[in-house]
Every structure is written in structure tokens, then in C-alpha cells.
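> Read left to right, the sequence shown gives residues 2 to 80 (our numbering).
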Amino acid sequence: MKTHQIEIQKFKAASNNIHGQVMFKIDALVSNRTPVDGIEPSSLLVMTEQNARVLMALLKTQLAEFDSKKPKSRHGRHG
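#1: Since Lys-70 is in the alpha helix (DSSP H), which residue starts that stretch and which ends it?
#2: Out of Leu-60, Asn-52, Met-24, Phe-67, which one is the CA nearest neighbour of Lys-1?
#3: Can you list, in chain order, the residues of its chain whose CB lies under 8 Å from that of Gly-80, leaving out five sequence neighbours each side?
#4: Note down, in chain order, each residue of its chain lying with its Cβ closer than 6 Å to the Cβ of Gln-6, except the 5 sequence neighbours on either side.
#5: Counting only the same chain and skipping the five closest in sequence on each side, list residues whose C-beta sits under 7 Å from that of Lys-26.
#6: Is Asn-18 helix, strand or coil by DSSP?
#7: From Pro-72 to Gly-21, what distance separates their C-alpha atoms?
#8: Suppose you measure from the CA of Asn-43 to the CA of Lys-61; what does that come to, to the nearest Å?
Here's what the structure looks like:
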């Protein structure tokens, strides 16, 4: 498995699709990451606190959009 370091520079947009996926349009620096002996290889996502806050806001918006497309509960209604 190839591992990378992905450094988020800027979040540009977020959307979701009919497959239940959230997609982000971003500017990022991507570089190969050399595995360290004795540690499970994995990619690393790096961002500033400001970008983390933007990510949180974008995720909240996209999750609300998913929720708005789900059928409303009919619990408590009898006819």
C-alpha cells in the first residue's frame, strides 16, 4: 500500500451524492510518506485549526442535507 501525507491548503466546496458519499473540492499538497519500521503504514491528513473548523462546518451542512432527504418519522401519528 502506498502512503501519503496530504496537507490541506484550502477547502473550496462540499457536496454529497446519491451513493451516500460526501465529496470535498480542495487545494492540497500531496507527498509520498515513507513507512516507519514497526509502525503500521498509513496516510496522514494534515490541516490547520482554521481548516479543521471549515471542515466541521462543511460536514454539518452536508449531514443536514442527508437528513433532509430522509423520510420523516411517523411515530405518534395514527391516521
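The C-beta atom is built at its ideal place from N, Cα and C for all residues, glycine as well.
Let me lay it out:
#1: Mapped onto the sequence shown, residue 70 falls at position 69. First-last of the alpha helix (DSSP H) with Lys-70: 50-70.
#2: In the structure as shown, the chain begins at 2 and stops at 80. Residue 1 is therefore absent and cannot be evaluated.
#3: Counting from one through the sequence shown, the residue named residue 80 turns up at place 79. Because the pLDDT at Gly-80 is just 49, under 50, the model does not fix this residue reliably, and the value given afterwards should be weighed accordingly. For Gly-80, where only same-chain residues beyond five positions count, there are no Cβ hits under 8 Å.
#4: Numbered from 1 along the sequence shown, position 5 holds the residue referred to as residue 6. Here the set comprises Ser-32, Arg-34, Leu-45.
#5: On the sequence shown, residue 26 is found 25 positions in, with the first residue counted as 1. Within the same chain, Lys-26 has close Cβ partners Lys-13, Ala-14.
#6: Mapped onto the sequence shown, residue 18 falls at position 17. Reduced to three states, the DSSP call for Asn-18 is coil.
#7: Working through the sequence shown from its first residue, we reach residue 72 at position 71. Working through the sequence shown from its first residue, we reach residue 21 at position 20. Rounded to whole angstroms, Pro-72 to Gly-21 spans 15 Å at the Cα level.
#8: Counting from 1 along the sequence shown, the entry for residue 43 is found at position 42. Counting from 1 along the sequence shown, the entry for residue 61 is found at position 60. Note that residue 43 is Ser in the sequence shown here, rather than Asn. Approximately 26 Å between the Cα atoms of the pair.
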